[in-house]
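Throughout the sequence shown, residue numbering follows our numbering, covering 73 to 586 in sequence. Idealized CB from N, CA, C, for every residue including glycine.
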Amino acid sequence: MANQDDQFKKVISHAKEYGYIFPSSEIYDGLSAVYDYAQNGVELKKNIREYWWKAMVQMHDNIVGIDASIFMHPTTWKASGHVDAFNDPLIDNKDSKKRYRADVLVEDHVAKIEAKINKEIAKAQKRFGDAFDKEQFVNTNPRVVKYNEQAQAILKRLGQSLEKEDLADVKALIEELEIVDPETGSKNWTDVKQFNLMFGTKLGASADSAMDLYLRPETAQGIFVNFLNVQKTGRLKIPFGIAQTGKAFRNEIVARQFIFRMREFEQMEMQFFIKPGTQIEWYDYWKETRLKWHLSLGMGEDNYRFHDHEKLAHYADAASDIEFKFPFGFKELEGIHSRTDFDLSQHEQFSNKKLQYFDPEENKSYVPYVLETSIGLDRMFLAVFSNSLQEEELENGSTRTVLKLPAVLAPTKVAILPLVKKDGLPEVAKKIFEDLKWDFNVAYDEKDAVGRRYRRQDAAGTPFCVTVDHDTLEDNTVTIRHRDTMEQKRVKIEELQEIVKKEVDVRYWLMKTK
Ligand code: ATP
Numbered sequence: 073m074a075n076q077d078d079q080f081k082k083v084i085s086h087a088k089e090y091g092y093i094f095p096s097s098e099i100y101d102g103l104s105a106v107y108d109y110a111q112n113g114v115e116l117k118k119n120i121r122e123y124w125w126k127a128m129v130q131m132h133d134n135i136v137g138i139d140a141s142i143f144m145h146p147t148t149w150k151a152s153g154h155v156d157a158f159n160d161p162l163i164d165n166k167d168s169k170k171r172y173r174a175d176v177l178v179e180d181h182v183a184k185i186e187a188k189i190n191k192e193i194a195k196a197q198k199r200f201g202d203a204f205d206k207e208q209f210v211n212t213n214p215r216v217v218k219y220n221e222q223a224q225a226i227l228k229r230l231g232q233s234l235e236k237e238d239l240a241d242v243k244a245l246i247e248e249l250e251i252v253d254p255e256t257g258s259k260n261w262t263d264v265k266q267f268n269l270m271f272g273t274k275l276g277a278s279a280d281s282a283m284d285l286y287l288r289p290e291t292a293q294g295i296f297v298n299f300l301n302v303q304k305t306g307r308l309k310i311p312f313g314i315a316q317t318g319k320a321f322r323n324e325i326v327a328r329q330f331i332f333r334m335r336e337f338e339q340m341e342m343q344f345f346i347k348p349g350t351q352i353e354w355y356d357y358w359k360e361t362r363l364k365w366h367l368s369l370g371m372g373e374d375n376y377r378f379h380d381h382e383k384l385a386h387y388a389d390a391a392s393d394i395e396f397k398f399p400f401g402f403k404e405l406e407g408i409h410s411r412t413d414f415d416l417s418q419h420e421q422f423s424n425k426k427l428q429y430f431d432p433e434e435n436k437s438y439v440p441y442v443l444e445t446s447i448g449l450d451r452m453f454l455a456v457f458s459n460s461l462q463e464e465e466l467e468n469g470s471t472r473t474v475l476k477l478p479a480v481l482a483p484t485k486v487a488i489l490p491l492v493k494k495d496g497l498p499e500v501a502k503k504i505f506e507d508l509k510w511d512f513n514v515a516y517d518e519k520d521a522v523g524r525r526y527r528r529q530d531a532a533g534t535p536f537c538v539t540v541d542h543d544t545l546e547d548n549t550v551t552i553r554h555r556d557t558m559e560q561k562r563v564k565i566e567e568l569q570e571i572v573k574k575e576v577d578v579r580y581w582l583m584k585t586k
């Protein structure tokens, strides 16, 4: 655990030191769970958004994008169920006066049981060596079987109680499991209550004519209310999708873990409109397609898993999360939800407008079903950043800190370094810099010894360094160094653009899982 905490602290301080993420309004001591993307962070975030947009919109003939407003007519949120049901179950500790999400307390308890299971597995693996059969061990070791049963039973009961809105049972569960306040160890809990997560605000100047508004808690509703406009003007035929990226706001209770859970964050969502009855087929399709997108970035298959929901949201008939192994364990990164016709039907009812699709093949109109893929851009940023930050032992015994960002996402693609600051080398280096700028974000660095400059670029995540030396003046060749392998190659200046382009190209990366 201490190790995980240390790694996470490193991620946060590296993000600040290398200009990726700053605490918001830091000169006023920051604002809790609000962060600003800095000069490198904004580029990485933009590249992740683009990688998603290209895969989802550009590469799918039947998916188009929109950009709806953050403010929406307030009835939207009555229809969507957010006014009545967008709540978290909260519990207060009477001694510490701290507030927690009741379901998170129980889930953290289960995570501790899972940690015990993993410890047993690691111990056995050591004991049995190569002969170790993990599956057999998990299924037969009495202690592990017991832990697994406990964990399943707790999650099942939590799911059922939340589903039935039986908050008294959630409290009973917390008491039976003897869960304590993580900060003080106190067991003196209040009852569990529901708390609405939407931020309210007002539209208009005078107090009596002002209209109550909400900051959108998800981008999805902007797609649903535009469904018919887009379908008609785009002459789209089912199945088709509408994608959108943008800010969403939630008054989260437990906003911690850096940019994992923020009160202002960005979503990348796609709603796929389908014929009723085909939802399971599309649910499977989108689960697979979205996982492939993640895998294309090469961040390790073992770092992902699906978590199918026991407790379904009021609108869903099937739901699964793609979980990622963050520095603090496996957590939700993306949700894939079969939303049925819930949203469109609700908007029909509240707006008194027909939101139906005329299916020429069936010769009838119906309210389409919807399959949603929804991923947090900031969470994806954290997944990429934390997974990329590595410390390596080198052959000469020294260590290097390297940010192995997938090259397609890296903020700066190449750094140009004159070996020394004289003999005309800076002039040649600057010429290369000016030329490559047309295609990529390029850095120029002439300070310090070249070894230190390499380290600086490694830590900033730049995939290529190009060094201009005295031979360059003779034969127009330079050294190109790869961040991950540290391999160096001599190439012609005019080849640089092609070499870099090939490895930072979206096509090259997305094709990997085709
Ligand atoms: P969680 O269970 O972690 O609160 P959720 O199930 O409420 O998430 P969804 O409503 O399905 O999340 O939203 C889709 C995606 O938006 C999530 O998978 C996550 O990546 C992202 N997301 C949700 N809430 C936040 C937040 N407060 N900060 C950052 N990203 C978020």
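Next item on the list: Please confirm if the stretch 529-545 is in contact with the stretch 475-494, defined as three or more CB-CB distances below 8 Å between the two stretches.
Entry: yes
Item checked: Where the beta strand (DSSP E) through E404 begins and ends -> 401-412
Item checked: First and last residue of the uninterrupted beta strand (DSSP E) at F330 -> Note, F330: premise wrong, no beta strand (DSSP E); not H, not E.
Next item on the list: Please report how far the alpha carbon of N112 lies from the alpha carbon of E89, in whole angstroms.
Entry: 11 Å
Margin query: Below 8 Å, how does it come out for the stretch 270-277 and the stretch 243-251: are there three or more Cβ pairs, yes or no?
Written below: no
Next item on the list: Would you kindly check if the distance between the Cβ of H386 and the Cβ of A157 is under 8 Å?
Entry: yes
Note to self: Is L384 near the ligand ATP - that is, is its Cβ less than 7 Å away from at least one heavy atom of it?
What the structure shows: no
Margin query: Given the structure, does I142 come close to the ligand ATP, in the sense that its CB is under 7 Å from one of the ligand's heavy atoms?
Written below: no
Next item on the list: Could you check the C-alpha separation between Q224 and E235 for me, to the nearest Å?
Entry: 16 Å
Check: What residue does the alpha helix (DSSP H) around Q224 start on, and which one ends it?
Finding: Following the DSSP letters along the chain, one finds Q224 inside the alpha helix (DSSP H) bounded by residues 214-235.
Notebook entry, point to check: Taking just the CA atoms, how far does G201 sit from K82?
Noted result: C-alpha separation (whole angstroms): 32 Å.
Margin query: Three Cβ pairs or more, each shorter than 8 Å: is that satisfied between the stretch 496-513 and the stretch 456-473?
Written below: no
Check: With G92 and F457 assumed to form a contact (beta carbons below 8 Å), what rounded beta-carbon distance in angstroms separates them?
Finding: In the sequence under discussion, the amino acid at residue 92 is Tyr, which differs from the Gly named in the question. Rounded, the Cβ-Cβ distance is 7 Å, consistent with contact.
Next item on the list: Please work out which residues of its chain come closer than 8 Å, Cβ to Cβ, to N211, disregarding the five sequence neighbours upstream and downstream, and give them in chain order.
Entry: V217
Notebook entry, point to check: In its own chain, which residues sit with a C-beta less than 6 Å from the C-beta of I99, not counting the 5 before and 5 after it?
Noted result: none
Check: Between Q76 and the ligand ATP, is the CB less than 7 Å from at least one heavy atom?
Finding: no
Next item on the list: Pull up the DSSP beta-bridge partners for A390, would you.
Entry: S410
Notebook entry, point to check: Mapping DSSP to helix, strand and coil, what is E353?
Noted result: helix
Notebook entry, point to check: Which residues bound the alpha helix (DSSP H) around R199?
Noted result: 174-200
Checklist line | Between the CA atoms of N435 and H86 - distance to the nearest angstrom | finding: 59 Å
Note to self: Just list the residues that DSSP pairs T539 with in beta bridges.
What the structure shows: L489, T551
Next item on the list: Starting from S437, follow its DSSP beta bridges and name the residues at the other end.
Entry: F430
Item checked: E179 versus L227 - alpha carbon distance -> 7 Å
Next item on the list: Say yes only if the C-beta of Q339 is nearer than 7 Å to one or more non-hydrogen atoms of the ligand ATP, and no if none qualify.
Entry: yes
Item checked: 6 Å CB neighbourhood of K126 in its chain, flanking five on each side removed -> V578
Notebook entry, point to check: In terms of residues, what are the limits of the alpha helix (DSSP H) holding M452?
Noted result: 449-460
Check: Relative to the C-alpha of M452, which residue among D164, I571, Y438, E404 is closest?
Finding: E404
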